[in-house]
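Notes to accompany the following structure.
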Amino acid sequence: GDSKSPSKRVIAVIPKGTTHEFWKSIHAGALKAAAESGVDIAWKGPPKEDDRDEQIKVVEDSVTRRVAAIVLAPLDEAALATPVAEAAKDKIPVVVIDSDLKGDAHASFVATDNEKGGAMAAERLGTLLGGKGRVLMLRYQVGSASTEKRERGFLAGIAKFPGITMVSDNQYAGATAEAAYAAAENLLQRFPELDGIFCPNESATFGMLRALTSVGRNGKVKFVGFDASAKLAEALKTGDIHGLVLQNPFRMGYLGVKTALDVLDGKLVERRIDTGVAMATPDNMTTPDIAELLNPKLPENVR
Amino acid sequence: MSDSNAVRLVRRLGPFLGLALVLVLFTALEPDRFPTAVNFRTVLTQTVIVGLGAVGMTFVVVSGGIDLSVGSSIALSTIVIARLLRDGASPAAAALAGVVAGGVVGVVNGTLITRLRIAPFIVTLGTLQIVRGTAKYLAGEQKIDAPASWLAGLMAKSPDPSWLIVAPGVWALILLAGFLAFVLRRSILGVHTYAIGSNESTAVLCGIKVDRTKVLIYGLSGLMTGLAGLMQFSRLTVGDPTAATGLELNIIAAVVIGGASLSGGVGGIAGSLVGALVMAFLANGCTLVGVPNYAQEILVGAIIVAVVAIDRSKRGT
Amino acid sequence: MSDSNAVRLVRRLGPFLGLALVLVLFTALEPDRFPTAVNFRTVLTQTVIVGLGAVGMTFVVVSGGIDLSVGSSIALSTIVIARLLRDGASPAAAALAGVVAGGVVGVVNGTLITRLRIAPFIVTLGTLQIVRGTAKYLAGEQKIDAPASWLAGLMAKSPDPSWLIVAPGVWALILLAGFLAFVLRRSILGVHTYAIGSNESTAVLCGIKVDRTKVLIYGLSGLMTGLAGLMQFSRLTVGDPTAATGLELNIIAAVVIGGASLSGGVGGIAGSLVGALVMAFLANGCTLVGVPNYAQEILVGAIIVAVVAIDRSKRGT
Amino acid sequence: MEGVEKSFGATRALSGVSLDVAPGDVHALIGENGAGKSTLMKILAGVLTPDAGRMSLFGSPYRPTGPLDARRRGVAMIHQELTLAPHLDVEANLTLGTETTTFGFVRRAGRRAAIRDVLTRLRLADLPFDTPVGTLSTAVRQLLEIARALLSGARVVIMDEPTSSLGRRDVERLFDIVRELAASGCGIIYISHFMDELREVATRFTVLRDGASVGTGTLDAVDDDALIRLMAGGAPTTGTRAPSVRGTPLLVLDGLEGHPRPTEASLVLHRGEILGITGLVGAGRTELLRAVFGLDPVVSGSVTLAGIGFSADEGPDARWDRGMGFVSEDRKHEGLMLDLPLSVNLTLSRLEPVSRAGFVDGKKLDAASREWIDRLGIRAAGSNVAVGSLSGGNQQKVAIARLLHHDVDVLLLDEPTRGIDVRSKAAVWDLLRSLANAGRGILVVGSHLPEMLAHCDRIAVMNRGRLGEARDASTVTAHELLTEAVSVAESRHE
Ligand SMILES: Nc1ncnc2c1ncn2[C@@H]1O[C@H](COP(=O)(O)OP(=O)(O)OP(=O)(O)O)[C@@H](O)[C@H]1O
Ligand SMILES: Nc1ncnc2c1ncn2[C@@H]1O[C@H](COP(=O)(O)OP(=O)(O)OP(=O)(O)O)[C@@H](O)[C@H]1O
Ligand SMILES: [Mg+2]
Ligand SMILES: [Mg+2]
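One line per chain: the protein sequences are A, B, C and D, in this order.
The working numbering puts the last residue of the first sequence at 531; the count rises by one with no breaks.
The working numbering puts the last residue of the second sequence at 1192; the count rises by one with no breaks.
The working numbering puts the last residue of the third sequence at 1192; the count rises by one with no breaks.
The working numbering puts the last residue of the fourth sequence at 498; the count rises by one with no breaks.
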């Protein structure tokens, strides 16, 4: 989605990676905003997925390319601060989406409240379990800020249920779904009697779902995950997953670009824009709002 | 080069002793949960992907080569299968296409290596990226959802006809490994594989069609990678362009722990399988015992060095 | 092995021609934005980490070895620096400790390789995991935030005394590469490095202290990796236990594109630096032109194969 | 073969060679190092393709597409460099490329009788078929190489210096086989630098000089001098033995024992003398030198240089430091760095004189190497060419020159004249003699008795790891030495 006509302004939108439904939705939102405002989107993530230094390079290269503004989902709240400050010094406004950034060089932060998302998951799981039971959390990756916030929010929230014990919270799913799957299998082996599970992102949730299904414990253990994909939506329908914390990536992309355009037009923008989180459950998943978040319809040019 | 028969025996047994050690250790630490039928069934299923890759890689390593592109190639296979299923192909046809896609990557590797006369490490360092990029392109840079099919059952820990006991994928690994072990030891392709790895110029002087044999070896290994891709798809039930990133190092580690020499001429299928099992049991045991991930990482690294050190201590390389 | 002088000249020039091609191509595609001072300054800064790694790796590769642990080692360095800064050490002391940490990993690699007589690929495949695990352990499995210090200025594209023109890190790379190029070509250590890579048993026979030299080589390369870790820290301003995952393959690719042979005895610092520049300009150009990631990945892979193929076309390996 | 030409890049290896061999003929191919003998034969055996020229075999045009094609059409070659796959066993090596198969699987049983028969002819009857070749000695491997050629049932057999690592008894065995083959109508091309060997086995000859055939005829009709003049294009230099002036003891071995060989070795090498060690191949002479030089561990006994012993943890570097140098018999794997420049190869053990403050000085390096290139008559395009591009003989000279550059007191030389042409051989011996006269001590391992008798001051025999007493070369006879070498050493291949 990178059609160039020299007269149009270009806004660089830099996700954390490119191969994920979540980022596809952000891309779609960004494209919608761009189409409404007559600007172009330069969509470019780090070539090596989840590599901080690679993302810094993309920001730097966008600056030398002289884009009008940058919308960035920083892989690291500290590491990306320097290149963003340099961009700001070069009069290129930066709007941060998805994960927060240190410093005040960026114009605005448009994102989900991750800690709140984690707390919502804890609330849902605690309620489902009636306030007691053995619960496991499979972490995502070492050093990933947004999922760490969700994990923190979840642990804080679950602590409010004195009857619930955390049996394990020190295992990591790793970067790929297969790694998550194998880790989950081994964890389930280790804890034959579990009541609840939380996973803080899509790939960990998916790996856990596969592991639960493969040992026939799907549906029997209360399971709350994070983010959406077609498979997870289906599992929600069949009752294998009991809750999915949903962000609104389309809105994030849309508002990210819109906010950047506002800054360019000299308008005053809010420092923090919350794009909201919602809890999808088997019961509410057919309501229009949740259904749209679960199965976002992406325009053809994103695919 | 001082190979008495006793030393050769130790070399052959080395990996097996390593496996026995891991099994005994975790049985002692977790007597209730580790040595159970269901846990072993789980670990065997987890071994299938690396195992299939390692069986193919054994041919490559024995011939004195290496293949860094297998991780990318597995991802490509899952994408090919998922796309075909999504577009309405029959599961069997999609599975076949996925396996063939792996074979094609292998043949391309072999052809580049022999035609351009570039070291396998470099060629496959290049195709590692080319194939990953192609997978992402074919996937439209996202995971591809595929309609449910019997392919998912290939890696089911409780297999459908329950008399199978273990997943069909495990049987595929066992049968193929057995057959290919025989091929490597006894077939003309196998003898030539050892000859090329042992002394390539001799192989040329003896009239072995070295280039053709190499293309065959990489092609065969590619088919095994494609099969590993099929099993990966069966486990995930989606096509994932970022699947198996870095898995090549695990596969090579399995082959090396299994006693193969990266300078060629030495190695065997049984050893490589045991190498794959050692790593799978280690990861499984560490999680059961609750060892943190960083410790597990350190342990795996130490074991690679230690097993090979013990194995090599009486030899030279 | 048939090296006429003309062929050797082409080999030397090969990587430079590749770089020229990349420069010309992107200048043609983006005449306004690519060939600008600020863009070149950016790319030079982006080359520093891989460049420093490649300079050290050149010694290792010329000696017939390989080091897969450099990516992990860079991460370890950033952690060591960040922890010390957090605990109140002076920036200079923390930087030094980070560089030394890399050196220690190198010496450990060299010692394991020479004492246990295991192939470098295997030893460093093990330490790749051991060092990464150690970094995670030291980091408490999370990023380590460090107080701001002048270390961040090492990789600032607009350097502080502005007469420097480029970042201090770029100067460090240029000066060290120049010095070490001279060391590799002309010093006794350098000649011994070539000798070991060319024929190790002959080197032993000639009285070269091969083991000691190898430990020196890996140690030196480790120091360069540590320096790369310092630069990585300077760019990230945090200690990151997952930094530089897989970067070893980029570094090896740079060395190989630069004309070194993985079987040892052939290679040079200048070539390796050019290899690093080729890859950096390629990534930069692709972003400027707006090439999607998958296409960039395919392109990088194809270039690795193509450059080496052209380079080798008149030789043998 | 007619008008055959071949160039490697800028090097013109063959410039119009003609050669014909009749059935039943043993044809000697003679020439100095680098004359192009091996290249010519590789063309005949299908390893290389000629740039120009015609070949015919049994009257029909012959243009092999590769080594296998050549072998199928009845041409087999025993290469100068050993070409076995060390990890494969004896049987797999012998049948490599010509395996019989069913559905792609190797049928081993079929060829066993034939293999056993061939091995018996080579006196390797009890060699187990499943021994990995890498564990066998050089001599056995050389015999296996010959066995492979015999097994292919070739009508034309090319032998490129087949005796270079064979002992006297194996050589005689080989000659019997050569004669048998000739009698059965095979044509044999035999390359060697030993005139006496050639006369013993060959009938006709062709001389190559600088890639061209310069003479052909019957060996009986010419004397050695004439042949050497043909090869060299000038008069031969003959080394005459000057009387030795034996000085003080330099190197003393006392009850040296290695693993597994030597079992017992004691000797005293004096300044000014050339001490020869001979014996059957496999007696452990190489291992003696390796133990002395610190390359193999010493089990017991001592090595003393100029009155000071070496400790167990001192390696080759300590030997070089104290003035001892070694030239290995295995030049390719343990002697030269084939892709590095000649100059580096020559000076590697002692870079200090050509460097300043730890950095090598290019000018000094060039000057130092040029000196030895000139003095030893090394044929090379310059000091900067890769050593691998030199012919075998010239490579050997570089290996010896390293010791001269290092200026060592004690020279350990393992088969120093193996594979060197007659003129260079004389030059090497002259050189060794002048070094001895300058007060050096020289320990030479050699198999060719006439040569050893002609040039050594004293000769000791090694027999199954035990070193006999050194005897004055002017009084001992070849027969006595041979008797000592073979005594009680009846079954060598146990
Ligand atoms: N692969 C090669 N590349 C370049 N030059 C070569 C190659 N092989 C042989 N030569 C050159 O061709 C010439 C003939 O070499 P060849 O090996 O045929 O000599 P030779 O008569 O067998 O000598 P020797 O008695 O030492 O074995 C030499 O000058 C050698 O340097
Ligand atoms: N027929 C044989 N079978 C097995 N091992 C053998 C045989 N002959 C020799 N060896 C072993 O090979 C080693 C030495 O062999 P090598 O041929 O190098 O001896 P050498 O006396 O140095 O001969 P040369 O002077 O030709 O090098 C010894 O360990 C010896 O036991
Ligand atoms: Mg020759
Ligand atoms: Mg010997």
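Heads up, the beta-carbon is just placed ideally off N, CA and C, and yes, glycines get one too.
So, is residue i buried or exposed, given that buried needs 16 or more other C-beta atoms within 10 angstroms?
{"i": "C:W1025", "result": "exposed"}
{"i": "D:R335", "result": "buried"}
{"i": "D:H337", "result": "exposed"}
{"i": "C:I1040", "result": "exposed"}
{"i": "B:H1067", "result": "buried"}
{"i": "B:N1168", "result": "buried"}
{"i": "C:W1038", "result": "exposed"}
{"i": "A:K319", "result": "exposed"}
{"i": "D:H483", "result": "exposed"}
{"i": "D:S359", "result": "buried"}
{"i": "A:P420", "result": "exposed"}
{"i": "D:S495", "result": "Low confidence applies here, because D:S495 scores a pLDDT of 37, under 50, leaving its location unreliable; read the following figure in that light. Exposed, because fewer than 16 other Cβ atoms sit within 10 Å of the Cβ of D:S495."}
{"i": "D:S188", "result": "exposed"}
{"i": "A:T246", "result": "buried"}
CB-CB under 6 Å to residue i, same chain, minus the five flanking residues each way: which ones, in chain order?
{"i": "A:D304", "result": "R280"}
{"i": "A:A349", "result": "F382, F426, V452, V473"}
{"i": "D:T241", "result": "Since pLDDT at D:T241 reaches only 47, below the 50 mark, its modelled position is unreliable, and the value read off the structure follows with that caveat. Answer for D:T241: A430, listed in chain order."}
{"i": "A:D490", "result": "V497"}
In chain order, what residues of the same chain lie with their CB nearer than 7 Å to the CB of residue i, ignoring the 5 residues before and after it?
{"i": "D:V30", "result": "V182, A186, I192, Y194, V205, A206, T207"}
{"i": "D:N37", "result": "S395, G396, G397, N398, I424, D425, S428"}
{"i": "A:K260", "result": "Y482"}
Using a Cβ-Cβ cut-off of 8 Å (strictly less than) and excluding sequence neighbours within five positions of residue i, which residues of its own chain qualify?
{"i": "D:H263", "result": "D300, P301, V303"}
{"i": "D:R406", "result": "G329, V331, N349, L350, T351, L352, S353"}
{"i": "A:G385", "result": "G346, A347, M348, A349, A350, E351, G354"}
{"i": "B:I924", "result": "I949, A1103, M1106, Q1107, R1110, A1119, L1122"}
May I ask which residues mark the beginning and end of the alpha helix (DSSP H) holding residue i?
{"i": "B:L1086", "result": "Note that residue 1086 of chain B is Asp in the sequence shown, not Leu. Its alpha helix (DSSP H) spans residues 1085–1111."}
{"i": "D:T124", "result": "116–125"}
{"i": "D:H459", "result": "453–459"}
{"i": "B:F934", "result": "912–937"}
If I follow the unbroken beta strand (DSSP E) through residue i, where does it start and stop?
{"i": "D:I195", "result": "191–195"}
{"i": "D:T467", "result": "Correcting the residue identity first, residue 467 of chain D is Asn in this sequence and not Thr. Per DSSP, D:N467 belongs to the beta strand (DSSP E) from 462–467."}
{"i": "D:V331", "result": "328–331"}
{"i": "A:F337", "result": "336–339"}
{"i": "A:T487", "result": "Here A:T487 belongs to no beta strand (DSSP E); instead the alpha helix (DSSP H) covers 477–492."}
Any heavy atom of ligand 6 closer than 7 Å to the CB of residue i?
{"i": "B:M1030", "result": "Ligand 6 is not part of this structure, which contains only ligand 1, ligand 2, ligand 3 and ligand 4."}
> Going along the chain, which unbroken runs of the beta strand (DSSP E) with 3 or more residues stay wholly within the stretch 259–299 of chain A?
Replying inline: 268–271
> Listed in chain order, which residues of the stretch 330–349 of chain D have Cβ atoms closer than 8 Å to some Cβ of chain C?
Replying inline: F330, S332, H337, E338, G339, L340, M341, L342, D343, L344, V348
> Which parts of the stretch 1036–1069 of chain C are runs of the alpha helix (DSSP H), unbroken and 4 residues or longer, counting only runs that do not cross its ends?
Replying inline: 1043–1061
>> Output needed in chain order: residues of the stretch 1115–1129 of chain C with a Cβ under 9 Å from some Cβ in chain B.
In response: P1116, T1120, G1121, L1124, I1127, A1128
> Which residues, in order along the stretch 40–57 of chain D, keep a beta-carbon less than 9 Å from a beta-carbon of chain B?
Replying inline: A49, G50, V51
> In chain order, what residues of the stretch 421–435 of chain D put their CB closer than 8 Å to some CB of chain C?
Replying inline: none
> Going along the chain, which residues of the stretch 1149–1162 of chain B sit with their C-beta nearer than 9 Å to a C-beta in chain A?
Replying inline: A1155, A1158, N1159, G1160, C1161, T1162
> Of all the residues that make up the stretch 312–338 of chain A, which are near chain C by a beta-carbon distance shorter than 7 Å?
Replying inline: E314
>> Along the stretch 999–1011 of chain C, where does the CB come closer than 9 Å to a CB of chain A? Name the residues.
In response: K1011
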